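Chemist: I am attaching a structure below and will ask some questions about it afterwards.
Laid out in structure tokens, this is it:
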């Protein structure tokens, strides 16, 4: 006998061993094996969710964790990861002051949230709800602080908390379908407001850092050249003094 049972996404995620028990019309409980499948509509919905997730220390831009399977379904994933790292660098240098911001880049948008000297960043399709994206980051922040809070300041190597990927993947799945009752409730939560979070273009945000870097490099070069000139002037003065003493 073939039986179809419709599950919402959260119920499906909670299944163990791909089995579910249902009550028949006669009051008997039957254990069924479950085969998962996705409709085209759901695939379309999934394509509009989280693409990248990265966590970094704000004080020095050190990457702490990221979603290991992120970027596999998008072109130029390395390019966008490099943009994210540039954002971390600018934040560490104090070139971006906002603790929460959305940054548009191509067909996607970065959202980041800074809490406790840690930056939680995700990149989504532009059509993915901003409120859900920031609540996703909030969930990551709460768990990351709970598990790794005491070790954040002392972490000395990149991706010291790479095992946090397990929680990232689990949480991403909960936010995958915007139509679940859980996510609809979050979208309707009037206490969680995101309208005041600034949205800017990536060239505008990173361009500020690039210009400041250029000024810094020029200043360093001028300082170096001035020192070289001063050293040469001192050497010349010594040579003149020696020649005069020999006369």
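Residue numbers (the UniProt record's numbering): 1 to 247. All C-beta atoms in this analysis are idealised placements derived from N, C-alpha and C, irrespective of residue type, glycine included. Here the structure is a predicted model, which is why all the values come from computation and not from measurement.
(1) For residue 125 and residue 112, which I take to be in contact (beta-carbon distance under 8 Å), what is that distance rounded to the nearest angstrom?
(2) Where residue 118 and residue 84 are concerned, what is the direct C-alpha to C-alpha distance, given to the nearest angstrom?
(3) Under 8 Å: do the stretch 127-136 and the stretch 183-193 share three or more Cβ pairs, one atom per stretch?
(4) Looking only at DSSP bridge pairs, what is residue 63 linked to?
(5) Determine the DSSP secondary structure at residue 96, reduced to helix, strand or coil.
(6) Can you tell me the Cα-Cα spacing of residue 64 and residue 173, whole angstroms?
(7) Where does residue 122 sit, in a helix, a strand or coil, going by DSSP?
(8) Can you tell me whether residue 70 is buried or exposed, with buried defined as 16 or more other CB within 10 angstroms of its CB?
(9) Identify which residue in 58, 202, 89 and 143 has its Cα closest to the Cα of residue 171.
(10) Do residue 192 and residue 286 count as a contact pair if the criterion is CB distance below 8 Å?
(11) Rounded to whole angstroms, what is the Cα-Cα separation between residue 44 and residue 98?
(12) Pick out whichever of 106, 123, 105 and 101 has its Cα sitting closest to the Cα of residue 114.
(13) Buried or exposed: which applies to residue 94, given that a residue is buried once 16 or more other Cβ atoms fall within 10 Å of its Cβ?
(14) Could you pull out every unbroken alpha helix (DSSP H) segment of at least 4 residues lying fully inside the stretch 151-192, listed in chain order?
(15) What whole-angstrom Cβ distance do residue 140 and residue 110 have, given they're in contact under 8 Å?
(16) I'd like the list of long-range same chain contacts for residue 40, defined as Cβ closer than 8 Å, with 5 residues on each side in sequence excluded.
(17) Give me the DSSP bridge partner(s) of residue 111.
(18) Using only alpha-carbon positions, find the residue among 122, 204, 169 and 79 that is nearest to residue 53.
Modeler: Taking the coordinates as given:
(1) Here residue 125 refers to the residue found at position 125 of the chain shown. Here residue 112 refers to the residue found at position 112 of the chain shown. Between residue 112 and residue 125 the Cβ distance is about 16 Å, and since that is not below 8 Å, they are no contact.
(2) Numbered from 1 along the chain shown, position 118 holds the residue referred to as residue 118. Numbered from 1 along the chain shown, position 84 holds the residue referred to as residue 84. Rounded to whole angstroms, residue 118 to residue 84 spans 14 Å at the Cα level.
(3) yes
(4) By 1-based counting over the chain shown, the position of residue 63 is 63. Paired residue(s): 56.
(5) Within the chain shown, numbered from 1, the residue matching residue 96 stands at position 96. If DSSP states are grouped into helix, strand and coil, residue 96 belongs with coil.
(6) The residue labelled residue 64 in the question sits at position 64 within the chain shown. The residue labelled residue 173 in the question sits at position 173 within the chain shown. The alpha-carbon atoms of residue 64 and residue 173 are separated by roughly 21 Å.
(7) The count along the chain shown starts at 1 and reaches residue 122 at position 122. Looking at residue 122 - three-state DSSP - the assignment turns out to be strand.
(8) Residue mapping note: residue 70 aligns to position 70 of the chain shown, counting from 1. So residue 70 counts as buried.
(9) Stepping through the chain shown from its first residue, residue 171 is reached at position 171. Checked all of 58, 202, 89 and 143; the closest Cα to residue 171 is 143.
(10) This structure does not reach residue 286, given that the chain is present from 1 up to 247, and the question cannot be answered.
(11) Here residue 44 refers to the residue found at position 44 when the chain shown is read from its first residue. Here residue 98 refers to the residue found at position 98 when the chain shown is read from its first residue. Low confidence applies to residue 44: its pLDDT is 42, below 50, so where it sits in the model is not reliable, and the reading given next is rough at best. Their backbone Cα atoms lie some 33 Å apart in a straight line.
(12) Against the chain shown, residue 114 aligns to sequence position 114. Ranking the options by Cα distance to residue 114, first place goes to 101.
(13) For this step, residue 94 is matched to residue 94 along the chain shown. Residue 94 is exposed by the Cβ-count criterion.
(14) 165-174 and 181-187
(15) Here residue 140 corresponds to residue number 140 of the chain shown, with the count starting at 1. Here residue 110 corresponds to residue number 110 of the chain shown, with the count starting at 1. The Cβ separation is near 14 Å, so there is no contact.
(16) Position 40 of the chain shown, counted from the first residue, corresponds to residue 40. The predicted model places residue 40 with a pLDDT of 41, which falls under 50 and marks its position as unreliable, so this point remains unresolved.
(17) As a working note, residue 111 is residue 111 in the chain shown. Per DSSP, 102 and 122.
(18) On the chain shown, residue 53 is found 53 positions in, with the first residue counted as 1. Checking every option, the nearest Cα to that of residue 53 belongs to 122.
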